[in-house]
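Single-structure report; data block below.
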Amino acid sequence: MSDHVCTSAARSRPLSGARAWVLLLIAALSATALGCRSAASTPPPSSPPEQPTESDTRPAEPHDADDMVSVPAGTFLMGTPEDELSLIVELCRQINPAPTGCNRERLIAHHRNETPQREVYVSGFSIGRNEVTNAEYERCVSEGGCTARDFDRCVFFAGREHVHGGTLDEVQARDDHPVVCVSWEQAAAYCQHAGGALPTEAQWEKAARGVDGRVFPWGNDWNPLGANWAEGEHTGSVDGYVTTSPVGSFPAGASPYGALDMVGNVWEWVADRYAEDAYAQGAASDPQGPETGTGRVMRGGGYAAQPLAQRTAKRVPRDPPEAYVNIGFRCARPAQ
Numbered sequence: 012m013s014d015h016v017c018t019s020a021a022r023s024r025p026l027s028g029a030r031a032w033v034l035l036l037i038a039a040l041s042a043t044a045l046g047c048r049s050a051a052s053t054p055p056p057s058s059p060p061e062q063p064t065e066s067d068t069r070p071a072e073p074h075d076a077d078d079m080v081s082v083p084a085g086t087f088l089m090g091t092p093e094d095e096l097s098l099i100v101e102l103c104r105q106i107n108p109a110p111t112g113c114n115r116e117r118l119i120a121h122h123r124n125e126t127p128q129r130e131v132y133v134s135g136f137s138i139g140r141n142e143v144t145n146a147e148y149e150r151c152v153s154e155g156g157c158t159a160r161d162f163d164r165c166v167f168f169a170g171r172e173h174v175h176g177g178t179l180d181e182v183q184a185r186d187d188h189p190v191v192c193v194s195w196e197q198a199a200a201y202c203q204h205a206g207g208a209l210p211t212e213a214q215w216e217k218a219a220r221g222v223d224g225r226v227f228p229w230g231n232d233w234n235p236l237g238a239n240w241a242e243g244e245h246t247g248s249v250d251g252y253v254t255t256s257p258v259g260s261f262p263a264g265a266s267p268y269g270a271l272d273m274v275g276n277v278w279e280w281v282a283d284r285y286a287e288d289a290y291a292q293g294a295a296s297d298p299q300g301p302e303t304g305t306g307r308v309m310r311g312g313g314y315a316a317q318p319l320a321q322r323t324a325k326r327v328p329r330d331p332p333e334a335y336v337n338i339g340f341r342c343a344r345p346a347q
């Protein structure tokens, strides 16, 4: 393959507005499919990254404020502009091998819960630099602040099916990987034990994208080495991981405030109840989500999610009593 083909696939002209990130993402994905390096990323390793040894693993103390990043008070752009919804359809048709799966009405309806984009004020707070790890959660269990995970009730993947009950593989069970198979209630209890709370949707989204409405934590151009995501057939051929990765393994994907794995690795529980129109009806200052509703929100994509689901505005409801093999969490605290 010639360097010209790779360069052409990854190169982009200066663009502005909603269409820019879609065209940049199409170009980057095309380059990835061709076996090319993304122009916005560092060269990929010649082989999958080595897993850290036990001596390299230094889980943060669950009560350690130094493992948090500060997000100052102020406004930010929250949500997706209405005119980007049609571009999501365009993107799907560019990257989906089965265009029949890119039904315009279905896709627009599916992502309308991200609209409208609006300016929202959020008071200052701090949020975990990393997702909570297995070691941190088990420490909370030993301290009596958390309940043990019930893997018989956890939802696992069996091909395209979801089944209750399973066992974490050897990689996912490592101390420095994000904790999974925790329900919303268990995640909330951990954060309370650690002196904080689950972040609200507004806190999570501001920590992930900053103030300028960027599509991904690092900017508007998809970077295949910026997150642990579902490239190809979940082979780890690009990011080096088939399932979860040690927290903080993708510094190129850091948010404007230094938070890591805000997209990719695992989805994350947040505090808010879910409502389809929460962004249209929410308060303009420190929104807390709807007062009623049975579902809770998860954010941030995960190792089994494609780039479209790794956008900082992506929001998905889940039933809070359920625990999933691809959902974890991080904690937040008000500014001191």
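Residues in the sequence shown are numbered from 12 upward in steps of one, following the working numbering.
The beta-carbon is built from N, C-alpha and C at its ideal position, and this holds for glycine as well.
Quick check: the Cα distance between Gly177 and Glu93, rounded to an integer number of angstroms? In a straight line, the C-alpha of Gly177 is about 41 Å away from that of Glu93.
Between the CA atoms of Glu196 and Pro228 - distance to the nearest angstrom: The straight-line gap separating the alpha-carbon atoms of Pro228 and Glu196 is approximately 27 Å.
Just reading off the alpha helix (DSSP H) that Tyr152 is part of, what are its end residues? This sequence places Val at residue 152; Tyr is not what is there. It spans Asn145 to Glu154 - the alpha helix (DSSP H) in which Val152 sits, taken as one unbroken run.
Contact belief for Ala219 with Ala265 at Cβ below 8 Å, rounded distance in angstroms: Rounded, the Cβ-Cβ distance is 10 Å, inconsistent with contact.
Within the same chain, show all residues whose beta-carbon is closer than 7 Å to that of Cys151, passing over the 5 residues directly before and after it, in chain order. Only Pro73, Cys157, Tyr201 and His204 meet the Cβ criterion.
Between the Cα of Phe162 and those of His173, Glu287 and Val336, spot the shortest distance and give me the residue it belongs to. Minimum Cα-Cα distance from Phe162 among the listed residues His173, Glu287 and Val336 corresponds to Val336.
Output yes or no for whether 7 Å exceeds the beta carbon distance between Trp304 and Arg284. The sequence shown places Gly at residue 304, not Trp. In this structure, Gly304 lies near Arg284, with their beta-carbon atoms less than 7 Å apart.
Contact the stretch 133 to 146 vs the stretch 77 to 87: 3+ CB pairs below 8 Å: The stretch 133 to 146, when compared against the stretch 77 to 87, does touch it at the 8 Å Cβ threshold.
From Val281, Gly155, Ala120 and Gly259, pick the residue whose C-alpha is nearest to that of Glu212; which is it? Measuring from the Cα of Glu212, the nearest candidate turns out to be Val281.
Whose C-alpha, out of Gln347, Phe340, Thr323 and Leu319, is nearest the C-alpha of Leu88? The option with the nearest alpha carbon to Leu88 is Thr323.
Could you give the residue range of the alpha helix (DSSP H) that holds Arg115? Arg115 -> alpha helix (DSSP H) spans Arg115 to His122.
Assign Ser153 to one of two classes, buried (16 or more other C-beta atoms within 10 Å of its C-beta) or exposed (fewer than that). Burial check for Ser153: the Cβ neighbour count within 10 Å stays below 16, so the residue is exposed.
Which residues in the same chain as Ala295 place their Cβ atom closer than 8 Å to its Cβ, once the five residues preceding and following it in sequence are excluded? Excluding sequence neighbours, Ala295 sits near Arg129, Glu130, Val131 and Tyr132.
Return helix, strand or coil for Ala343, following the three-state DSSP convention. Assigned with DSSP and collapsed to three states, Ala343 falls in strand.
Quick check: the Cα distance between Ser2 and Tyr314, rounded to an integer number of angstroms? Residue 2 lies beyond the range of the chain shown here (12 to 347); nothing can be said about it.
6 Å Cβ shell around Ala199 - same chain, five flanking residues per side excluded: Excluding positions up to five away in sequence, the list reads Leu209.
Just the C-alpha distance for Pro332 and Leu236, rounded to the nearest angstrom, thanks. Going by the C-alpha atoms only, they are around 33 Å apart.
Arg329 versus Ala238 - alpha carbon distance: Each residue's Cα considered, the two are about 22 Å apart.
Along the chain, where does the beta strand (DSSP E) containing Tyr132 start, and where does it finish? Where Tyr132 is concerned, the enclosing beta strand (DSSP E) stretches over Arg129 to Val133.
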